[in-house]
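Peer 1: Just passing along the structure, written as C-alpha cells.
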Amino acid sequence: MALTALKVKNAKPGRYVDGRGLCLFVKESGSRSWVLRMQHNGRRRDYGLGSALDVTLTEARDAAAALRRQVRAGIDPVAERRKSRKVVPGFEMAARECYEALKDGWKNQNYRNWISSMENHVFPLIGRKPVDQVDSTHVVEVLAPIWLDIPDTARKILQRIGAVLDFAHIKGWREEEAALRSVRKGLPRQTDKVEHFKAMPYADIPAFMKELATASLTTGRDALRFTIYNAVRSSETRKAVWTEIDLDNAIWTIPGKRMKAKETHVVPLSNAAVSILCRRWKLRTSDDGLIFSNNGEKPISDMTMTKLLRDAGIKGATVHGFRSAFTDWAAEKTDFPKEVADKALAHKLSNQVEAAYRRTDFLDKRRQLMAKWAGYLDC
1 MALTALKVKN AKPGRYVDGR GLCLFVKESG SRSWVLRMQH NGRRRDYGLG
51 SALDVTLTEA RDAAAALRRQ VRAGIDPVAE RRKSRKVVPG FEMAARECYE
101 ALKDGWKNQN YRNWISSMEN HVFPLIGRKP VDQVDSTHVV EVLAPIWLDI
151 PDTARKILQR IGAVLDFAHI KGWREEEAAL RSVRKGLPRQ TDKVEHFKAM
201 PYADIPAFMK ELATASLTTG RDALRFTIYN AVRSSETRKA VWTEIDLDNA
251 IWTIPGKRMK AKETHVVPLS NAAVSILCRR WKLRTSDDGL IFSNNGEKPI
301 SDMTMTKLLR DAGIKGATVH GFRSAFTDWA AEKTDFPKEV ADKALAHKLS
351 NQVEAAYRRT DFLDKRRQLM AKWAGYLDC
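What follows is the structure, given as C-alpha cells:
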C-alpha cells in the first residue's frame, strides 16, 4: 500500500515501498531517507532524493516523477547532478592553467608570446566568460579587430584559443571538443605576404666588413664579423661558449638545444673566423665561458649588432639578413650545389623522405664554401 505522512513519521527500521520504485529507508539509528529505484540503460540504479526529515512524502513523489521524466527523455540524472555541482572556470583562468600545463615543452620565447597575446587580445573580451560557453561566434568577435591588421598574430591566437578549449574538454569543463573550423568563414580573407628579413646586397658586404675591421675592435664588432663569416643566426654567436670550439680542427659544434631545428650543427671555420677566435681567446675570463661577452657570463644584447648597422648608416637591413645575402652570393657567384649552402645555414629539408636518405653533412664541401665566402668578404 502507498505510504502516508503518518506512516512515514512512525516507520520503524526497514524498507517501505510507496510505489513505482519510490522507497523509504529507515536505519536503526532512526535516520530515514527517500530513494527512487528504477532501470536505466538496462541496469538498476538507485537515486537518492534526500532525508525524510527535510523532504515530505509529497515532495519525494514530485521529485521521483521528475526523475522518471528525465530518464524517459534519455537524460542521465546522475550526470546532470554532477554537472550542476561542477564549477566551470572563466576562459582566462582556463587559459592560464593550460599555459602552466603546456609551457615546459615550449621554447623560452614562446612563454611570453603565448600568454601576452592572450592578455592583449583575448582576456579583455572573453576572459570572464565560462569556458564551456565560449563558441566560434565569440572567437570571431575576438579575432575580427586584428585579423587583417596583424594576420600572423591573429592566426596564432586562433590556434591558442583552440588549445585552451581542447584543454578545457580534457579537464571536464566542456562537454565537447572545440569546433573552430567555421571561424575563418566568418572573417575576411587574409592577403598578407611573408615578410622576409631585409638583407644588405651581398655586393655591399665586403666594404662593410672592411669598415668593421678597421674601426676600434669591440666585442660587438667581433661578434658581428663572426656571425657574417659563418652565416649563422645572431643568437648562435651571442651564446657561443669556448667548449663548443675546436681550434685545432677549426670546428664549431653548436648543440641542438641552441639550434632552431633542435639538431646539432657543425660549422667549419674559415681562417678569418679562427683569427677572431684567437684574439678573443686572449681576452677570455675563463676557458668555458661565453666567447662574445665582456665578463664571460652575460651575453651581449641582441641589439648590439643591430646598433652597429644603424651607426654605419645602414637602414632597413638586419643581422639575420646576412644569411639571405650569403644564399644569394652562393647561388650567383659559386658552383656549389644548393644543398651545400642550405646545410651551411642549418636548414632542414622540407621533404622528409629526402632528408632520411641524405644523411651527409657536406662538411668538406662546406669548408671550401665558407673559405670562399670569407675570401669574398675580405677582398
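Here the sequence shown stands for residues 1 to 379, numbered as in full-length UniProt numbering.
For every residue, glycine included, the Cβ atom is placed at its ideal position computed from N, Cα and C.
Pick helix, strand or coil for Cys23, following the three-state DSSP scheme.
Peer 2: strand
Peer 1: Let me make sure I understand the geometry here. Which of Gly256, Asp378, Val267 has the alpha-carbon closest to that of Asn230?
Peer 2: Val267
Peer 1: Would you check if the segment 322-340 and the segment 238-252 touch, i.e. whether three or more CB-CB distances between them fall below 8 Å?
Peer 2: no
Peer 1: Closer than 7 Å to a non-hydrogen atom of the ligand NAD - does that hold for the CB of Met200?
Peer 2: What this structure holds is no ligand at all, so the ligand NAD is not there to describe.
Peer 1: To the nearest angstrom, how far is the alpha carbon of Ile251 from that of His347?
Peer 2: The C-alpha of His347 is placed about 19 Å away from the C-alpha of Ile251.
Peer 1: Could you tell me the distance, in whole angstroms, from the CA atom of Arg238 to the CA atom of Glu141?
Peer 2: 42 Å
Peer 1: To the nearest angstrom, report how far apart Arg284 and Asp104 are at their CA atoms.
Peer 2: 34 Å
Peer 1: Go to Tyr202, then tell me how far its beta strand (DSSP E) extends in each direction, as first and last residue.
Peer 2: Following the DSSP letters along the chain, one finds Tyr202 in no beta strand (DSSP E), marked with neither H nor E.
Peer 1: Once DSSP output is grouped into helix, strand and coil, what is the label at Arg189?
Peer 2: coil
Peer 1: Which residue marks the beginning of the alpha helix (DSSP H) containing Gly48, and which one marks its end?
Peer 2: Going by DSSP, Gly48 is part of no alpha helix (DSSP H) but of the beta strand (DSSP E) stretching over 43-51.
Peer 1: Residues bridged to Leu224 by DSSP?
Peer 2: Leu224 is not bridged to any residue.
Peer 1: Which whole-angstrom value describes the C-beta separation of Cys23 and Val35, a residue pair presumed to lie in contact below a C-beta threshold of 8 Å?
Peer 2: 5 Å
Peer 1: So, at 8 Å on beta carbons, what are the nonlocal neighbours of Ile276 in its own chain, with the 5 sequence-adjacent residues on each side left out?
Peer 2: Asp222, Arg225, Phe226, Tyr229
Peer 1: Whole angstroms are fine: how far does the CA of Thr153 sit from the CA of Arg45?
Peer 2: 52 Å
Peer 1: Please classify Thr285: does DSSP put it in a helix, a strand, or coil?
Peer 2: coil
Peer 1: Going by the CB atoms, is the gap between Gly162 and Ala178 shorter than 8 Å?
Peer 2: yes
Peer 1: Rounded to a whole number of angstroms, what is the C-alpha to C-alpha distance between Arg61 and Gln159?
Peer 2: Here the alpha carbons of Gln159 and Arg61 stand approximately 50 Å from one another.
Peer 1: Do three or more CB pairs link the segment 172-189 to the segment 287-294 at distances below 8 Å?
Peer 2: no
Peer 1: How many angstroms separate the CA atom of Thr264 from the CA atom of Met370?
Peer 2: 18 Å
Peer 1: Let me know the secondary structure DSSP gives Gly90 once reduced to three states.
Peer 2: strand
Peer 1: For Asn351, count neighbouring Cβ atoms within 10 angstroms of its own Cβ and tell me buried if that reaches 16, exposed if not.
Peer 2: Caution is warranted here: a pLDDT of 44 is assigned to Asn351, below 50, making its placement in the model unreliable, and no coordinate value can be reported.
Peer 1: Using CA atoms only, rank isn't needed, just tell me which of Leu377, His320, Lys27 is closest to Ala199.
Peer 2: Comparing alpha carbon positions, the residue from Leu377, His320, Lys27 closest to Ala199 is His320.
Peer 1: Considering only C-alpha positions, which residue in the set Leu57, Thr318, Asp361 is nearest to Glu339?
Peer 2: Asp361
Peer 1: Check the DSSP bridge columns for Gly14 and list the partner residues they point to.
Peer 2: Val26
Peer 1: In terms of alpha-carbon separation, which member of Ile126, Asp149, Asp342 lies closest to His138?
Peer 2: Among Ile126, Asp149, Asp342, the Cα nearest to that of His138 belongs to Ile126.
Peer 1: Taking the C-alpha atoms as reference points, what is the distance between Arg128 and Asn120?
Peer 2: 14 Å
Peer 1: Hey, Val131 and Pro89: beta-carbon distance below 8 Å or not?
Peer 2: yes
Peer 1: Look up His320 in the DSSP assignment and say whether it is helix, strand or coil.
Peer 2: coil
Peer 1: Per DSSP, what kind of secondary structure is Val38 in: helix, strand or coil?
Peer 2: Residue identity check: residue 38 is Met in the sequence provided, not Val. Residue state, collapsed to three classes: strand.
Peer 1: Give, in chain order, every unbroken run of the alpha helix (DSSP H) that is at least 4 residues long and sits entirely within the segment 230-292.
Peer 2: 234-238, 271-282
Peer 1: Can you look up Ser216 in the DSSP assignment and give me helix, strand or coil?
Peer 2: coil
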